[in-house]
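Enquirer:
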Amino acid sequence: AGDRFHDIDTALEAWVEQGQAPERIIASKYKTAANPASGVERTRPLCPFPQIAKWSGKGSSDDAANFECVKP
Numbered sequence: 511a512g513d514r515f516h517d518i519d520t521a522l523e524a525w526v527e528q529g530q531a532p533e534r535i536i537a538s539k540y541k542t543a544a545n546p547a548s549g550v551e552r553t554r555p556l557c558p559f560p561q562i563a564k565w566s567g568k569g570s571s572d573d574a575a576n577f578e579c580v581k582p
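Going letter by letter, the sequence shown gives residues 511 to 582 in the working numbering.
Following this line, the structure appears as C-alpha cells:
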C-alpha cells in the first residue's frame, strides 16, 4: 500500500472506510512501463469530475506539481 495521494487503492480505501474523498490523485508514467525501477518520466494529477488538470504555464509540464484541478 502507498499513500492516498499516489496510490488509487489506498485513496479509495480512505474514501470508503474513513470518508476522506481524494481531492486529486497523482498518476505516474514510468520511463519503461514494464520496469518501474527505470524511473518516473512524468506525473499528472487525476482530478475529480468535472474538474480537469490545468498546467500553470510555469515549470515542467511533466510534473504534477505544476498543475491544478479546475472546473472546465
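Glycine included, every Cβ here is placed at the ideal spot set by N, Cα and C.
Whose CA, out of Gln528, Glu523, Glu527 and Ile536, lies closest to the CA of Pro558?
Expert: Within the sequence shown, the letter at position 48 stands for residue 558. With distances taken between Cα atoms, Pro558 lies closest to Ile536.
Enquirer: Is it the case that the segment 513-526 contacts the segment 543-550, given that we only count it when at least three CB pairs across the two stretches are under 8 Å?
Expert: Too few Cβ pairs lie closer than 8 Å, so no.
Enquirer: Could you pull the DSSP bridge partners for Val526 from this structure?
Expert: Your numbering for residue 526 matches position 16 in the sequence shown. DSSP lists no partner for Val526.
Enquirer: To the nearest angstrom, report how far apart Arg514 and Pro532 are at their CA atoms.
Expert: Translated into positions along the sequence shown, residue 514 becomes position 4. Translated into positions along the sequence shown, residue 532 becomes position 22. Approximately 8 Å, taken between the alpha carbons.
Enquirer: Go ahead and label Ala574 buried or exposed: buried means 16 or more other beta carbons lie within 10 angstroms of its beta carbon, across all protein chains shown.
Expert: For the purposes of this step, residue 574 is identified with residue 64 of the sequence shown, where counting begins at 1. It counts as buried.
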